[in-house]
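>
2 protein chains.
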Amino acid sequence: MSNALRIGVAGLGNVGAPVLQLLTRHGEMIATRCGRPFHVTAVSARDRRKDRGFDVASVRWYEDAAALATDPEVDVVVELIGGSDGIAKTVVERALTRGADVVTANKALIAHHGTALARLAEANGACLAYEAAVAGGIPAIKTLREGLAANRIERVHGILNGTCNFILSSMRDTGREFGEVLAEAQKLGYAEADPAFDVDGIDAAHKLAILAALAFGCEVDFGSVHVEGIRGISALDMQFAEELGYRIKLLGIAEATEAGIVQRVHPCMIATGTPLAHVDGVFNAVSATGDFVDRIVAEGRGAGGGPTASAVVADIMDLARGARLPVFGVPAERLARNVPQPMSAHVGAYYLRLMVVDRPGVIASIAAVLRDQEISVEALLQRGRAPGEAVPLVIATHEAREANVRSTLDEIAAQETTLEAPRVIRIESL
Amino acid sequence: MSNALRIGVAGLGNVGAPVLQLLTRHGEMIATRCGRPFHVTAVSARDRRKDRGFDVASVRWYEDAAALATDPEVDVVVELIGGSDGIAKTVVERALTRGADVVTANKALIAHHGTALARLAEANGACLAYEAAVAGGIPAIKTLREGLAANRIERVHGILNGTCNFILSSMRDTGREFGEVLAEAQKLGYAEADPAFDVDGIDAAHKLAILAALAFGCEVDFGSVHVEGIRGISALDMQFAEELGYRIKLLGIAEATEAGIVQRVHPCMIATGTPLAHVDGVFNAVSATGDFVDRIVAEGRGAGGGPTASAVVADIMDLARGARLPVFGVPAERLARNVPQPMSAHVGAYYLRLMVVDRPGVIASIAAVLRDQEISVEALLQRGRAPGEAVPLVIATHEAREANVRSTLDEIAAQETTLEAPRVIRIESL
Numbered sequence: 509m510s511n512a513l514r515i516g517v518a519g520l521g522n523v524g525a526p527v528l529q530l531l532t533r534h535g536e537m538i539a540t541r542c543g544r545p546f547h548v549t550a551v552s553a554r555d556r557r558k559d560r561g562f563d564v565a566s567v568r569w570y571e572d573a574a575a576l577a578t579d580p581e582v583d584v585v586v587e588l589i590g591g592s593d594g595i596a597k598t599v600v601e602r603a604l605t606r607g608a609d610v611v612t613a614n615k616a617l618i619a620h621h622g623t624a625l626a627r628l629a630e631a632n633g634a635c636l637a638y639e640a641a642v643a644g645g646i647p648a649i650k651t652l653r654e655g656l657a658a659n660r661i662e663r664v665h666g667i668l669n670g671t672c673n674f675i676l677s678s679m680r681d682t683g684r685e686f687g688e689v690l691a692e693a694q695k696l697g698y699a700e701a702d703p704a705f706d707v708d709g710i711d712a713a714h715k716l717a718i719l720a721a722l723a724f725g726c727e728v729d730f731g732s733v734h735v736e737g738i739r740g741i742s743a744l745d746m747q748f749a750e751e752l753g754y755r756i757k758l759l760g761i762a763e764a765t766e767a768g769i770v771q772r773v774h775p776c777m778i779a780t781g782t783p784l785a786h787v788d789g790v791f792n793a794v795s796a797t798g799d800f801v802d803r804i805v806a807e808g809r810g811a812g813g814g815p816t817a818s819a820v821v822a823d824i825m826d827l828a829r830g831a832r833l834p835v836f837g838v839p840a841e842r843l844a845r846n847v848p849q850p851m852s853a854h855v856g857a858y859y860l861r862l863m864v865v866d867r868p869g870v871i872a873s874i875a876a877v878l879r880d881q882e883i884s885v886e887a888l889l890q891r892g893r894a895p896g897e898a899v900p901l902v903i904a905t906h907e908a909r910e911a912n913v914r915s916t917l918d919e920i921a922a923q924e925t926t927l928e929a930p931r932v933i934r935i936e937s938l
Numbered sequence: 509m510s511n512a513l514r515i516g517v518a519g520l521g522n523v524g525a526p527v528l529q530l531l532t533r534h535g536e537m538i539a540t541r542c543g544r545p546f547h548v549t550a551v552s553a554r555d556r557r558k559d560r561g562f563d564v565a566s567v568r569w570y571e572d573a574a575a576l577a578t579d580p581e582v583d584v585v586v587e588l589i590g591g592s593d594g595i596a597k598t599v600v601e602r603a604l605t606r607g608a609d610v611v612t613a614n615k616a617l618i619a620h621h622g623t624a625l626a627r628l629a630e631a632n633g634a635c636l637a638y639e640a641a642v643a644g645g646i647p648a649i650k651t652l653r654e655g656l657a658a659n660r661i662e663r664v665h666g667i668l669n670g671t672c673n674f675i676l677s678s679m680r681d682t683g684r685e686f687g688e689v690l691a692e693a694q695k696l697g698y699a700e701a702d703p704a705f706d707v708d709g710i711d712a713a714h715k716l717a718i719l720a721a722l723a724f725g726c727e728v729d730f731g732s733v734h735v736e737g738i739r740g741i742s743a744l745d746m747q748f749a750e751e752l753g754y755r756i757k758l759l760g761i762a763e764a765t766e767a768g769i770v771q772r773v774h775p776c777m778i779a780t781g782t783p784l785a786h787v788d789g790v791f792n793a794v795s796a797t798g799d800f801v802d803r804i805v806a807e808g809r810g811a812g813g814g815p816t817a818s819a820v821v822a823d824i825m826d827l828a829r830g831a832r833l834p835v836f837g838v839p840a841e842r843l844a845r846n847v848p849q850p851m852s853a854h855v856g857a858y859y860l861r862l863m864v865v866d867r868p869g870v871i872a873s874i875a876a877v878l879r880d881q882e883i884s885v886e887a888l889l890q891r892g893r894a895p896g897e898a899v900p901l902v903i904a905t906h907e908a909r910e911a912n913v914r915s916t917l918d919e920i921a922a923q924e925t926t927l928e929a930p931r932v933i934r935i936e937s938l
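Chains A and B, in that order, are what the protein sequence lines are. Numbers given in the numbering used here equal positions in the first sequence, counted from 1, plus 508. Numbers given in the numbering used here equal positions in the second sequence, counted from 1, plus 508.
#1: Taking the straight line between their C-alpha atoms, what separation do you get for ALA634 of chain A and GLU750 of chain A?
#2: State buried or exposed for MET509 of chain A, treating a residue as buried only when at least 16 other CB atoms are found within 10 Å of its CB.
#3: Could you tell me the distance, in whole angstroms, from the CA atom of ALA828 of chain B to the CA atom of ALA840 of chain A?
#4: At what residues does the alpha helix (DSSP H) containing VAL599 of chain B begin and finish?
#5: Given a cut-off of 8 Å, decide if VAL805 of chain B and GLY808 of chain A are closer than it, judged by their beta-carbon atoms.
#6: Against chain B, with Cβ distances strictly below 8 Å, would ARG809 of chain A count as a contact?
#7: Find out if the Cβ-Cβ distance for the pair VAL835 of chain A, LEU636 of chain A is shorter than 8 Å.
#8: How about ALA717 of chain B and VAL733 of chain B: do their beta carbons lie closer than 8 Å?
#9: What do you reckon, are the CB atoms on VAL821 of chain A and LEU528 of chain A nearer than 8 Å?
#10: For VAL847 of chain B, is the classification buried or exposed, using 16 other Cβ atoms within 10 angstroms of its Cβ as the cut-off for buried?
#11: By DSSP's criteria, PHE546 of chain B is part of a beta bridge. Which residues make up the other side?
#12: Excluding the 5 residues flanking ASP854 of chain A on each side, which residues of the same chain have their C-beta closer than 8 Å to its C-beta?
#13: Anything in chain B within Cβ reach of MET777 of chain A, meaning under 8 Å, just list it in chain order.
#14: Please report the distance separating the alpha-carbon of VAL865 of chain B from that of HIS786 of chain A.
#15: Give me the subset of the region 794–807 of chain A whose CB atoms are less than 7 Å from a CB atom of chain B, sorted by chain position.
#16: Quick check on DSSP: helix, strand or coil for LEU901 of chain B?
#17: What residues of chain A sit near VAL821 of chain B, judged by a beta carbon separation below 7 Å?
#18: Taking only beta-carbon atoms, is SER818 of chain B less than 8 Å away from chain A?
#19: Taking the alpha-carbon of LEU513 of chain A as reference, which of A:LEU588, A:GLY666 and A:ASP583 has the nearest alpha-carbon?
#20: Please classify GLY892 of chain B as buried or exposed, where buried requires at least 16 other C-beta atoms within 10 Å of its C-beta.
#21: Secondary structure at HIS774 of chain B, three-state DSSP: helix, strand or coil?
#22: Quick one: is MET509 of chain B near chain A, going by C-beta distance under 8 Å?
#23: What residues are listed by DSSP as bridge partners for MET863 of chain B?
#24: Can you round the beta-carbon distance between VAL932 of chain B and VAL913 of chain B to whole angstroms, since I take them to be within the 8 Å contact cut?
#25: Could you tell me the distance, in whole angstroms, from the CA atom of ALA894 of chain A to the CA atom of ALA657 of chain A?
#26: Looking only at its own chain, which residues have a Cβ that is under 7 Å from the Cβ of ASP745 of chain A, when we skip the five neighbours before and after it?
#27: To the nearest angstrom, how far is the alpha carbon of ALA779 of chain A from that of ARG560 of chain B?
#28: Starting from the C-beta of ALA811 of chain B, find all residues in its chain whose C-beta is less than 6 Å away, skip the five residues before and the five after it, and write them out in chain order.
#29: Pick from A:ALA922, A:PRO580 and A:GLU936: whose alpha carbon is nearest that of TYR754 of chain A?
#30: Tell me the residue span of the alpha helix (DSSP H) that contains PHE686 of chain B.
#31: Applying the 10 Å Cβ sphere with the 16-neighbour rule, what's the burial state of SER852 of chain A?
#32: How about GLY666 of chain B and ALA767 of chain B: do their beta carbons lie closer than 8 Å?
#33: So, are the CB atoms of VAL599 of chain B and ALA573 of chain B less than 8 Å apart?
#34: Taking buried to mean at least 16 other C-beta atoms within 10 Å of its own C-beta, is GLU629 of chain B buried or exposed?
#35: Answer with yes or no whether the minimum CB distance from HIS906 of chain A to chain B is below 8 Å.
Rendered as structure tokens:
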């Protein structure tokens with residue numbers, strides 16, 4: 509076998525090290541499957557001496573990843589540094605500019621600069637692959653770009669952040685509050701010391717923006733994603749969700765509507781019988797609905813060195829086997845410009861939880877506000893009795909317009925019998 | 509756009525007609541995604557006049573599908589006739605022999621002749637694609653051959669027959685017996701008039717043999733699949749499964765063991781918390797476990813015109829985009845010869861249901877047989893009381909060797925207090 513594929517790996521951290529281990533352990537199998545061997549010819553990282561389970565003595569070492577990107581003896585540049593800008597972006601741009609193929613696990617980079625990078629890749633006859641950027645080991649990109657390529661996609665949605673899913677699953681299992689479970693997740697290594705990126709929904713929004721571009725053939729439009737995190741979910745809401753037959757999940761949802769593409773990341777209540785309701789812990793899941801295939805759901809580990817390395821190397825293998833697809837499934841010039849839809853136009857069912865004074869007439873006054881905003885009630889639960897004190901009042905609505913729900917809540921919040929800011933969770937029938 | 513891909517479709521039935529509809533409806537989108545248009549230049553079917561929602565006047569019509577296969581103006585022959593031999597096989601062989609690519613939905617053909625066809629394709633520089641042959645719209649072939657290509661696969665298993673899954677789900681939901689539910693499935697069109705192919709597990713075994721070849725890089729070995737169907741499952745077993753925390757599913761399971769590849773299709777009890785336990789009705793699911801990616805599960809519609817057409821056209825699109833992969837992921841000459849493992853060597857947990865006379869000493873004599881065969885008991889349930897008459901006695905075992913379980917059951921069946929042939933369902937922790 510000849511014609512070895514020469515690989516340069518920039519970044520030898522949590523993903524880079526397993527990628528090198530995988531290439532070493534499965535070198536022979538990969539060569540058989542691809543019809544050619546892989547050679548790692550160059551690597552780049554900060555500390556040369558760190559033990560990564562891989563002998564770096566035999567390959568060219570770069571302290572400057574940007575220099576690795578322009579090494580003419582590297583056919584495929586694997587960018588595993590991370591971050592939407594800075595050195596990661598420089599590495600990818602330099603590699604593409606000289607026509608080298610790039611494989612990256614960098615969701616922030618693709619979410620922020622995907623369209624420009626797709627144009628750059630095509631202008632130089634290079635490929636840009638990013639399977640590992642979305643849902644770790646799940647071949648979500650391949651499924652959308654190839655497996656379901658014959659379909660007009662109507663919706664793509666999923667559990668895209670393992671940290672949030674772990675926290676929500678654990679809150680449900682233990683009945684504990686968000687803060688306590690977050691601390692445990694941090695101890696277990698499932699959440700970062702600064703958890704904002706995960707728990708505020710930004711990471712999931714990066715992935716959703718990428719999936720939406722692929723699913724609908726439009727430019728990546730991260731800025732238009734409506735994003736809410738999970739900090740506002742309480743143990744009490746978990747209990748009511750259970751009682752109403754729902755699970756609470758942080759979902760990313762992108763839908764093609766007549767007005768344009770809607771992209772949103774927020775906590776959702778979904779019926780316990782639906783496929784995503786059973787995806788617990790750090791697992792991710794991606795669901796796509798197409799006009800011929802109907803609904804496909806794929807579930808797996810959304811993070812971690814092994815699954816991410818699996819996706820990175822699969823991308824390299826595709827390149828080695830000669831697959832050269834447009835970055836988002838269609839030529840960059842054919843990507844549509846999205847018309848973002850404001851969340852106020854959203855129509856759906858809502859879970860509303862109020863904390864109200866337990867006294868006669870309170871429900872009547874709330875019901876009047878709902879009636880005036882034309883919001884009809886599917887279920888109403890009042891838990892406990894504490895005359896003169898705060899009790900939770902839960903309302904599940906039929907389909908309503910978000911703008912009306914917001915007005916309703918403003919009015920209710922202003923009533924003197926309402927003792928806390930109302931909580932809202934959208935109910936999704938997916 | 510030039511360089512149109514010329515397609516010939518042999519067979520215009522339940523799959524062929526939706527394929528033509530899809531190509532017509534999404535022609536422009538497909539051309540954009542592939543960088544070239546598709547032209548259906550030839551079709552073949554028995555009855556030219558039948559309305560298929562597609563105008564056949566503009567294309568060449570063949571009464572003889574074998575003649576379509578050798579039409580030099582067909583680049584890709586799409587075989588949708590079905591059957592492991594006969595005309596379908598002739599069509600595929602003739603097309604591959606002249607170097608034309610073939611796309612097929614024919615699981616029986618690939619299961620019986622996959623290795624020989626892979627050799628024929630490679631010898632002539634042709635591709636043979638068969639995504640639609642396994643699990644309908646789920647891109648299971650692509651996931652194994654490409655998405656998880658960097659992994660050594662340890663196990664692949666799944667719900668591979670929608671008819672059986674519908675029947676078992678329905679038995680559980682309604683408490684009714686197999687025969688009654690089968691009749692309903694036939695009325696709904698989910699089961700054939702002659703249901704043997706589905707309910708006896710043969711269809712699932714075809715698909716499993718294909719998945720195993722791909723997962724483990726071995727020759728397709730349908731003959732070595734241990735196959736049991738679902739006719740022996742009773743409403744009573746459904747109840748006991750529920751009580752023990754299990755669901756009953758017909759699974760296909762292929763595992764790499766030190767001795768060789770084990771391939772088996774049979775009813776299984778799986779814990780209610782596992783991903784496949786929640787896949788109900790006509791849905792299929794495929795799960796693969798790899799050394800880096802861990803477990804991936806994909807779920808979707810395993811049959812039907814739309815989903816199958818989605819898979820067929822995805823294969824054509826891959827060919828149009830230039831993907832030319834070996835049929836089973838590695839060159840045919842590198843496919844390993846499987847060493848089949850007898851089911852008697854299987855080690856696992858078992859659910860045993862006996863119908864015994866309700867009288868003192870019966871349990872003691874059964875327990876003695878289990879002890880002598882070194883089978884240890886995880887749970888024992890006796891339901892109801894009917895002195896002197898038949899009562900069910902259920903035993904869930906710890907891990908035991910199948911040969912010992914069979915000997916045990918032979919001994920128990922021979923006891924005069926055993927009134928019916930014992931029922932056995934393997935318990936799988938997947």
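The beta-carbon is built from N, C-alpha and C at its ideal position, and this holds for glycine as well. As the structure is a prediction and not an experimental result, all values here were calculated from the model.
The short version:
#1: For the pair ALA634 of chain A and GLU750 of chain A, the Cα-to-Cα distance works out to about 50 Å.
#2: Here the model assigns MET509 of chain A a pLDDT of 46, short of 50, so the residue's position is not dependable, and the following value carries that caveat. So MET509 of chain A ends up on the exposed side.
#3: 19 Å
#4: Here the alpha helix (DSSP H) through VAL599 of chain B covers 595–605.
#5: Yes, Cβ-Cβ distance for GLY808 of chain A and VAL805 of chain B is below 8 Å.
#6: yes
#7: yes
#8: yes
#9: No, they are not a contact pair.
#10: exposed
#11: B:LEU513
#12: Asp is not the amino acid found at residue 854 of chain A; the sequence shown has His there. Cβ neighbours of HIS854 of chain A beyond the five flanking positions: VAL770, ARG772, ARG909, GLU910 and ARG934.
#13: The premise fails here: MET777 of chain A is roughly 18 Å from chain B at the closest Cβ pair, so nothing lies under 8 Å.
#14: 41 Å
#15: Cβ proximity to chain B below 7 Å picks out GLY798, PHE800, VAL801, ASP802, ARG803, ILE804, VAL805, ALA806 and GLU807 from the region 794–807 of chain A.
#16: strand
#17: ALA658
#18: yes
#19: A:ASP583
#20: exposed
#21: strand
#22: Confidence at MET509 of chain B is low in this model, with a pLDDT of 46, below 50, so its placement is unreliable and no value can be given for it.
#23: B:PRO900
#24: Sure, about 7 Å apart at Cβ, within 8 Å.
#25: Straight-line Cα distance between these residues: approximately 57 Å.
#26: ILE756, ARG861, ARG931 and ILE933
#27: 38 Å
#28: GLY644 and GLY670
#29: A:GLU936
#30: 686–696
#31: In the assembly as shown, SER852 of chain A is an exposed residue. Its beta-carbon has fewer than 16 other beta-carbons within 10 Å.
#32: no
#33: yes
#34: As written in the sequence, residue 629 of chain B is Ala, which differs from the Glu given in the question. So ALA629 of chain B counts as buried.
#35: With 8 Å as the cut-off, HIS906 of chain A does not count as an interface residue toward chain B.
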